[in-house]
Amino acid sequence: MSKVVIIDYGTGNIQSVRFALERLGVKAQLSNDYKIIGNAEKVIFPGVGEAGNAMTNIKKHGLEKIIPKLKQPVLGICLGMQLMCSFSEESSTSCLDIFPLEVKKFDVELKIPQMGWNEIKNLQTGLFNNIDEQSFVYFANSYSVETSEYTIAETEYGDKFSAALNKDNFYACQFHPEKSSDVGIQILKNFLEL
Amino acid sequence: MLAKRIIPCLDIKDGRTVKGTKFVNLRDAGDPVELAEYYSHNGADELVFLDITASKEKRKTLVELVEKVARKVSIPFTVGGGITSVEDVSILLKAGADKVSVNSQAVRNPYLINELADKFGNQCIVVAVDAKQINGFWKVHLIGGKIPTNLDLFDWVKEAEKRGAGEILFTSMDHDGTKKGFANNAILRISEISNLPIIASGGAGSIQHFVDTFKLGKADAALAASVFHFKEIDIIKLKQELCKQNIRVRL
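Protein sequences, first through last, are from chains U and W.
At the far end of the first sequence sits residue 1160, using my numbering, and the numbering has no gaps.
At the far end of the second sequence sits residue 639, using my numbering, and the numbering has no gaps.
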């Protein structure tokens, strides 16, 4: 049984996540096989790119039925987090509906995408153990999720939005922990220890 | 609040870092992987690798370099130079690059921007533009600034945005290598006509120049090479000074 599996559904840069885990001494397996994913101790669901194409790829591998039923800790990253919501305005995409939330295009008087380092606050759950309030993490997003009862970290870009979400065993970050220097490495370490 | 970014740029030739003045007379400033790791632990918010080898047979060296950097570095990095196709980008992203920058080929074939944005998402597509003033007009130049075009800088930025660019990396060739400050008037105008994040490049010589490009140019990020590589400016000290001047940075 592989300990940590990164879901590989043919989108974007997933090496960074794998390399970041390697720096923590963890060899993760990349897979799109539902059996391997189902048997992992921890599952990471990364993603960069466009929501509609990404959901098409997920369905191609039959993963839309598997991911919402996982019982082990799951960490969605960036687009991965957005796909864990019910619906994304990006290409009007129906998503995995783990979080009953909508992903909306930024409606702010600021530059889009939000590109760079922003602060996170009101940090909750073990995912943020040993992380200071107002730590900087790296974001690259044009869409966001409002704050709600599922929000475990928030940030501000024009408006307040969810930097991280949690429901049961499902965790998700809008930012990229694998690209967020020491803060991000600590968050990944916390996830592995959940 | 989103922080302003400081980005060291590593020009790469045959797997080594080089930096020229006004794009010629290259000098060797070290091993790119070592330098990248150093910067990632010493205040850099992001890195840009610009491959100026650009010959097809040497591209493999670049891909190997990208993977080595991705293994070591936990801040985002962009790779550019000689990118002509979706395939080129796919290889670089798979090797671990977070973003790619396209320059000359996007001017020759603007549809490339649409293709890349559709396939990989606009957040990883940086459109790099080299320009200088000719008779008072900012004109786009190609191939590391060697070939002038009739294309207006600001028109091109608007078009790139429409086609799906996620960020603009603007280098003023009039300022590059002079260490006399960034082209803040042009940068401000780009900030006004486009809604994309803009990386200012060309002309950094002092800490004040960074203050100016953020305050006067409204740049979102500032990029420099030799002042960092030759340790004329220390990034952490630079950011402390920016902070004192009420510019939001990650310290």
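Backbone N, C-alpha and C define an ideal beta-carbon position, used for all residues, glycine too.
Tell me, please, whether the region 1136 to 1153 of chain U touches the region 1038 to 1058 of chain U by the rule of three or more beta-carbon pairs shorter than 8 Å.
-> yes
Burial state of Leu1067 of chain U, where buried means 16 or more other Cβ atoms lie within 10 Å = buried
Burial state of Arg496 of chain W, where buried means 16 or more other Cβ atoms lie within 10 Å | exposed
Since Ala485 of chain W and Val454 of chain W are thought to touch, with beta carbons under 8 Å apart, how far apart are those beta carbons, to the nearest angstrom?
-> 5 Å
Cβ neighbour criterion (16 or more within 10 Å) applied to Met1021 of chain U = buried
If we count Cβ pairs, one from each stretch, closer than 8 Å, do we get three or more for the region 389 to 406 of chain W versus the region 1146 to 1157 of chain U?
-> no
How about Pro420 of chain W and Leu398 of chain W: are their beta carbons less than 8 Å apart?
-> yes
Leu584 of chain W: contacting residues in chain U (beta-carbon distance under 9 Å) = Lys1077, Ile1078, Pro1079, Met1081
Is the CB-CB distance between Gln511 of chain W and Val1069 of chain U below 8 Å?
-> no
Burial state of Ser1060 of chain U (16 or more Cβ within 10 Å) = exposed
Residue nearest to Ile471 of chain W in terms of C-alpha spacing, selected from W:Ala458, W:Lys460, W:Leu450, W:Phe465 = W:Leu450
Should the region 1115 to 1123 of chain U be called in touch with the region 610 to 625 of chain W, which here means at least 3 C-beta pairs below 8 Å?
-> no
Selected residue, minimal CA-CA separation from Glu1007 of chain U, among U:Asn1019, U:Glu1016, U:Lys993, U:Ala1017 = U:Lys993
Would a C-beta distance cut-off of 8 Å place Val490 of chain W and Leu500 of chain W closer than the cut-off?
-> yes
Using a beta-carbon distance below 8 Å, is Asn1107 of chain U in contact with chain W?
-> yes
Give, in chain order, every residue of the region 1122 to 1144 of chain U whose Cβ lies closer than 8 Å to some Cβ of chain W.
-> Glu1122, Tyr1123, His1142, Glu1144
How would you list, in chain order, the residues of chain W whose beta-carbon sits under 9 Å from the beta-carbon of Glu988 of chain U?
-> Arg459
Grouping DSSP H, G and I as helix and E and B as strand, with all else coil, what is Asn413 of chain W?
-> The pLDDT assigned to Asn413 of chain W is 45, lower than 50, so where the model puts this residue is not dependable; a value taken from the coordinates is nonetheless given after this. Strand, per DSSP.
Give a yes or no on whether the minimum CB-CB distance between Asp439 of chain W and chain U is below 8 Å.
-> no
Beta-carbon of Tyr1104 of chain U versus every beta-carbon of chain W: anything under 8 Å?
-> yes
Neighbour flag for Lys410 of chain W against chain U, beta carbons, 8 Å | Bear in mind that a pLDDT of 42 at Lys410 of chain W, under 50, signals an unreliable position, so the number given afterwards is only what the model happens to contain. Answer no: the Cβ-Cβ gap between Lys410 of chain W and chain U never drops below 8 Å.
If you compare alpha carbons, which of W:Gln493, W:Lys567, W:Glu580 is closest to Leu604 of chain W?
-> W:Glu580
Reduced DSSP category for Val1014 of chain U - H, G, I as helix; E, B as strand; rest coil | coil
Given Gln633 of chain W, which residues of its chain have a CB within under 6 Å of its CB, disregarding the five upstream and five downstream residues?
-> Val599
With Val545 of chain W and Ser594 of chain W assumed to form a contact (beta carbons below 8 Å), what rounded beta-carbon distance in angstroms separates them?
-> With a Cβ gap of about 27 Å, Val545 of chain W and Ser594 of chain W do not count as contacting.
Below-8 Å beta-carbon distance, Gly1042 of chain U vs any chain W residue | no
In whole angstroms, what is the alpha-carbon distance linking Phe525 of chain W and Ala588 of chain W?
-> 18 Å
For Glu1056 of chain U and Gln981 of chain U, the rounded distance between their alpha carbons | 24 Å
When DSSP labels each residue in this structure, what does Arg989 of chain U get in the three-state scheme?
-> helix
Cβ-Cβ distance between Asn1135 of chain U and Lys1037 of chain U below 8 Å | yes
Can you name the start and end residues of the beta strand (DSSP E) that Ala612 of chain W belongs to?
-> 609 to 612
Under a three-way DSSP split, which group does Cys631 of chain W fall into?
-> helix
Which chain W residues are close to Gly1150 of chain U, counting only those with a beta carbon under 7 Å from its beta carbon?
-> Ser462
What are the residues that DSSP puts in a beta bridge with Phe1127 of chain U?
-> U:Thr1121
Please say whether Val1009 of chain U and Tyr1137 of chain U have beta carbons closer to each other than 8 Å?
-> no
From which residue to which residue does the beta strand (DSSP E) around Thr449 of chain W run?
-> That residue, Thr449 of chain W, is in no beta strand (DSSP E); its alpha helix (DSSP H) goes 447 to 460.
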